[in-house]
Every structure is written in structure tokens, then in C-alpha cells.
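Last residue of the sequence shown: 465 in full-length UniProt numbering, with the numbers rising by one and none dropped.
Below you'll find the structure, written out as C-alpha cells, and then a few comments.
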Amino acid sequence: MKNNYLAIILFSFLFMSCKKDHPLTSSNHTASFKPQTLGVTNTSTPIKLKVLQLNVWQEGTKVTGGFNGIVDAIVQSGADVITLSEVRNYSNTNFSARIVTALQAKGLTFYSFKDDNVGIVSKYPIASFKASIYGNAFDKIIIKLNVNTQVAVYSAHLDYLNYACYLPRGYDGNSFQKISQPITDVNAVLASNLQSSRDEQITAFINDAKLERDSGRIVILGGDFNEPSHLDWVDAQKNLFDHHGTIIPWQGSVALYAKGFKDSYRVKNPNPVLAPGFTWAAFNTSATLSSLVWAPDADERDRIDYLYYADNSNRVSVDESVVFGPSGSIVRGQGYEDATYTNPFIIPTGTWPSDHKGLITTFSITTVVPSLTLNKTTYSTGETITVNFANGSTDSQAWVGIYQNGKVPGTSNYASAWKYTNGLATGSTTLTLPANSPAGSYFVAYFKDNAYVEIAPRVAFTYGN
Numbered sequence: 001m002k003n004n005y006l007a008i009i010l011f012s013f014l015f016m017s018c019k020k021d022h023p024l025t026s027s028n029h030t031a032s033f034k035p036q037t038l039g040v041t042n043t044s045t046p047i048k049l050k051v052l053q054l055n056v057w058q059e060g061t062k063v064t065g066g067f068n069g070i071v072d073a074i075v076q077s078g079a080d081v082i083t084l085s086e087v088r089n090y091s092n093t094n095f096s097a098r099i100v101t102a103l104q105a106k107g108l109t110f111y112s113f114k115d116d117n118v119g120i121v122s123k124y125p126i127a128s129f130k131a132s133i134y135g136n137a138f139d140k141i142i143i144k145l146n147v148n149t150q151v152a153v154y155s156a157h158l159d160y161l162n163y164a165c166y167l168p169r170g171y172d173g174n175s176f177q178k179i180s181q182p183i184t185d186v187n188a189v190l191a192s193n194l195q196s197s198r199d200e201q202i203t204a205f206i207n208d209a210k211l212e213r214d215s216g217r218i219v220i221l222g223g224d225f226n227e228p229s230h231l232d233w234v235d236a237q238k239n240l241f242d243h244h245g246t247i248i249p250w251q252g253s254v255a256l257y258a259k260g261f262k263d264s265y266r267v268k269n270p271n272p273v274l275a276p277g278f279t280w281a282a283f284n285t286s287a288t289l290s291s292l293v294w295a296p297d298a299d300e301r302d303r304i305d306y307l308y309y310a311d312n313s314n315r316v317s318v319d320e321s322v323v324f325g326p327s328g329s330i331v332r333g334q335g336y337e338d339a340t341y342t343n344p345f346i347i348p349t350g351t352w353p354s355d356h357k358g359l360i361t362t363f364s365i366t367t368v369v370p371s372l373t374l375n376k377t378t379y380s381t382g383e384t385i386t387v388n389f390a391n392g393s394t395d396s397q398a399w400v401g402i403y404q405n406g407k408v409p410g411t412s413n414y415a416s417a418w419k420y421t422n423g424l425a426t427g428s429t430t431l432t433l434p435a436n437s438p439a440g441s442y443f444v445a446y447f448k449d450n451a452y453v454e455i456a457p458r459v460a461f462t463y464g465n
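So, in C-alpha cells, the structure goes:
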């Protein structure tokens, strides 16, 4: 917990009306595309994406065997993507590379990149990444679940100072020293919270994520926010966990919800009393008790680690969201078992590396199969052929091509006619076969990204009188 360091895509509308070779070359012609919603029936195919958020507590250095504990936790979680907080790259090392190597030794292939304060590890190849967003508060990766479903995953570790949720508990949020009495004036607590940089950090994330959402990507945000949620400090909790009667609309979660983000744990576990979902502070018996206690006369239990998600096309649901880590928390300077609460929970089988508990959410992402249709099944010589494509690739150089039966795309058997789809996932275009094309059986195929990987079933037709 306690540490922190402070497109528009321009499409080229290109096409060729003759044989297609590889690599593709430019043309001065403009393709005649008609974006439209097509009445094409597609099979919905849900993809399960399991994500683990884990604060690694100074790279596991605070616990004997902590680094191996991080690796073991990742393996036990079965996560596809892991968002990490408190990455330090001590002694000029590359922490993420070390994790990837250790996982590889266990027979698991993951991908990552170097960053400070935060990190992301993914079973999916990383199409692109961006490090050091807003003073190292965030980084992000883009992964492709299939040809037409991309996810922007962000990892966050927000400012730990002005930890205002300690004020109602009778502790200062900067010095972490006891104060004369709890501060229960909600406006004063919120004003103190705004003295942190968390609100600016969240705003920076929202602005960056908007570009991803507007481009058609799903957005997932995991992180240690060092701030509670407005979904927890509610009337039902006001006399619990040393909230001292306060109901507080914490600004970070309020801002995220205002922009359509959802808290995956609260979506699946909506009752904050029966399932408080505490992630801070974990009663880690592998650590010294003094290293876990910050407010020794207070109930420190809170939920400050999250996995949020947003999608402009409503493709995402939550199958499961569970806390992962030691069952106990820290209450009044001692370890305390939260036996009265019904949190869904996973107990680690190895050394727990952190003073936080982790969070595992399994998302179900609905995708649709790319498809092709034609306006007819038989064409006369010289007749224009209308090709409809749906739910396909948004790459500007995905393309459709016509081949005579028996021809093999990607070999010396070039397409008889072809055009780029120019970044449209759904639309239509027209193709005309060359005048010397023989009558007979043909097919149209749909390819991704300026290459010969077919992404939809072929559609056959006959041509010629």
C-alpha cells in the first residue's frame, strides 16, 4: 500500500481491381464502401478472461521467499492477465522480465515489459503497450482476444498520501499518527482526499481510456487505489469498521462510475456488509506484525484494490470476483479473522508475498464470428459483385478477395479482384472481375491485416453466362 512514484487513426482508402500480391501496394483509387448494419446472424462465442490484481509489496522483498510467493500466487490464480502494484526494479533489474522467466521455468508462457511502480503480465501476446502514464501511476497493454475483440488493460498504483479514510478512524492520513479525535465531517474528509493526486490520476486514466473505448476496445483497470469506494462507505456500513457514522462518496469511484466503469467485485457481490471484500490490510503471518500495522488503535479494514471494466458495446459480464490471500485482516494492531463475513475467498497455497490481499475476477466477453455474405449466388459476365462483411477486423488493411475455385490464397494464385475494408468491422464493398475472367465457380474470402489469414468462412458463387 504505502509507496508511490510520482487516435484518431488515419485510414488510407486503397484498393486494386486486379490480382493481389503480397506485400500489398498502394493505389490512387478510392474504394466505394458503404458502412451499414447488416442483418447477418452470427454465433456468439463467449471468451473467459481471468484477471488478477496484486500489490506485490516492494516486489515481495518484505517477506522471506516473497518473489517465489508472487510467482506461486500467479500460478495458483490461473489468471490470464495480472496487474501489479509496487514494481521497483531494485538493483537495476527488470522485475517483470524476472517474473516472466520464473513462470517460464514452470512451463507457462507470459509476456510483459519494463515499467516502474506498476506492471502487467499477460498470457496473451501484447500487441502494444504504453508505460509511465501520468507519472508512473498507470501503464497499459493492448491484447487481442480474437480478430475483432481487443482489450486495453491498465494497471494502477495511485498516490498513498492524504489517506483520508484514516481520518474517521482517528489517524492522520499523511503522518499516520493518532489525532485527538476522529474527523467525521464528510466535507472535511473529502477535502483532505482531494489533497492527494488520486483525483488527477483518475482523470488522466478516464481521458486515456476514452480513446480506447471509442476505438471499440474493452477497457479493464486493475490497481491499488489507496482509496475506498463509494459503494462501501454507505449507510449499511456507517457504524462498522470504525467509520464512526460517516457515509462518504469517495471521489475516485464516483468519477469512474460517472463514466460508465463498473467495479467487478461489487457487481458480483453487491452487499457491502455480507461481502465487504477487504483487501487491506492482510494479516500475513509470513511478515512481522509491526510491518502490517499503520493505525494500531483502529479497525483498518478496507477495500482499496479493484478491477474495473467498461465497454461501449456491452460485451462484458462478470462470472466471478473473489478475494485472494490470507483470510485475516488487521484490527487494532492485531490479526483478526473475518469469520462473520461471507466473502468469496481463495486461500493461497504458498507463501503470501504482500500486505494486501489480491482480487481475481473472471470476465465473460461475448464476441461474434466475422462473416461474409453476397447479394447473389450467380453473376453474369461483367456484373458487379457486392460483398457484405460483418463483425470483422478493424485493421485498415484487412481485405476481401475473389478467387477461382482451386486457387490457394497466399501462393502464386493471386486474387482475381480485391479491396481493403479500410478499418470497418461491418460494411460492404463492390468488386468486378477482370473482363477475361473465365466462367465457373469462384469464392470470396476475408483476410486480416494485410496478410493471408482468413477470418471468416468463404462464400461460393458462380460466374458467367
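No residue lacks a Cβ here, since even glycine has one placed at the ideal position from N, Cα and C.
These numbers were taken from a predicted model, which means no experiment stands behind them.
Per-residue burial, residue i [other beta carbons within 10 Å of its own, 16 or more giving buried]
i           : result
Ser32       : The pLDDT assigned to Ser32 is 35, lower than 50, so where the model puts this residue is not dependable; a value taken from the coordinates is nonetheless given after this. Label assigned to Ser32: exposed.
Asn187      : exposed
Ser329      : buried
Ser112      : buried
residue 466 : The chain is shown from 1 up to 465; residue 466 falls before or after that span and cannot be answered.
Tyr171      : buried
Thr462      : exposed
Thr41       : Low confidence applies here, because Thr41 scores a pLDDT of 37, under 50, leaving its location unreliable and the question unanswered by this model.
Gln177      : exposed
Asp263      : buried
Tyr420      : buried
Ile347      : exposed
Gly60       : buried
Asn148      : buried
Leu211      : exposed
Lys106      : exposed
Gly427      : buried
Leu274      : exposed
Ala456      : buried
Thr30       : For Thr30, the predicted model reports a pLDDT of 30, less than 50, meaning its position is unreliable; a value from the coordinates is still stated below. Its Cβ having fewer than 16 others within 10 Å, Thr30 is exposed.
Thr429      : buried
Lys20       : For Lys20, the predicted structure reports a pLDDT of 40, less than 50, and the residue's modelled location is therefore unreliable. The matter cannot be settled from this model.
Gln104      : exposed
beta-carbon residue i near the ligand MN non-hydrogen atom, thresh 8 Å
i      : result
Ile347 : Looking at this structure, you won't find the ligand MN or any other ligand, since it has none at all.
Bridge partner(s) assigned by DSSP for residue i
i      : result
Leu54  : Leu84
Asn320 : For clarity, residue 320 is Glu in the given sequence; the question names Asn instead. Answer is Thr362.
His157 : Asp224
Pro46  : Thr366
Asp263 : Tyr308
Asp139 : Ser155
Thr462 : Thr378, Ser441
Glu454 : Phe447
Gln334 : Val331
Val121 : Ile82
Thr349 : Thr349 pairs with nothing; no bridge assigned.
Phe129 : Ile141
Thr386 : Thr430
Gln150 : Lys144
Residue from the options with nearest C-alpha to residue i
i      : options                        : result
Val337 : Thr109, Ala282, Ser371         : One point to set straight first is that residue 337 is Glu, not Val, in the sequence displayed. Among Thr109, Ala282, Ser371, the Cα nearest to that of Glu337 belongs to Ala282.
Ala152 : Lys48, Val219, Ala105, Arg198  : Val219
Val453 : Asn405, Trp418, Trp399, Asn271 : Trp399
Asp305 : Leu292, Ser317, Gly277, Gln150 : Gly277
Ser441 : Gly335, Leu431, Thr377         : Thr377
Thr381 : Ala415, Ala439, Asn405, Thr430 : Ala439
Glu320 : Leu289, Thr361, Asp297         : Thr361
Gly392 : Thr109, Leu256, Phe447, Lys130 : Phe447
Ser180 : Leu145, Phe241, Arg169         : Arg169
Ala137 : Phe95, Ile143, Ala204          : Ala204
Val323 : His157, Val254, Val234, Val51  : Val51
Lys144 : Arg217, Tyr160, Gly119         : Arg217
Ala79  : Tyr90, Val121, Ile99           : Val121
Tyr154 : Trp418, Cys165, Val118, Tyr163 : Val118
Asn174 : Val189, Thr184, Asn55          : Val189
Cys165 : Phe95, Phe225, Ile202, Lys123  : Phe225
Tyr160 : Trp294, Asn375, Ala258         : Trp294
Ser215 : Gly252, Ser396, Gly410         : Ser396
Gly325 : Asn92, Gly358, Tyr90, Leu49    : Gly358
Asn146 : Glu383, Ala298, Ile365         : Ile365
Tyr265 : Phe241, Ser317, Lys140         : Ser317
9 Å Cβ cutoff, residue i in contact with chain E
i      : result
Tyr442 : The displayed structure is made up of one protein chain only, and chain E is not part of it.
Fully enclosed by the stretch 165 to 229, which alpha helix (DSSP H) runs are 4 residues long or longer?
186 to 193, 198 to 214
Ignoring anything shorter than 3 residues, give me the beta strand (DSSP E) runs that lie fully in the stretch 272 to 332, in order along the chain.
305 to 310, 316 to 324, 328 to 331
If we count Cβ pairs, one from each stretch, closer than 8 Å, do we get three or more for the stretch 221 to 235 versus the stretch 243 to 261?
A contact exists between the stretch 221 to 235 and the stretch 243 to 261.
Could you tell me whether the stretch 54 to 65 touches the stretch 351 to 364, using the rule of 3 or more Cβ pairs below 8 Å?
Taking a cut-off of 8 Å for Cβ pairs, the stretch 54 to 65 and the stretch 351 to 364 touch, as three or more such pairs fall below it.
Where are the beta strand (DSSP E) runs, 3 residues long or more, that stay fully inside the stretch 416 to 440, in chain order?
417 to 420, 427 to 431
Restricting to runs no shorter than 3 residues, where is the beta strand (DSSP E) found entirely within the stretch 389 to 420?
399 to 404, 417 to 420
With a cut-off of 8 Å, do at least 3 Cβ pairs link the stretch 253 to 263 to the stretch 192 to 209?
yes
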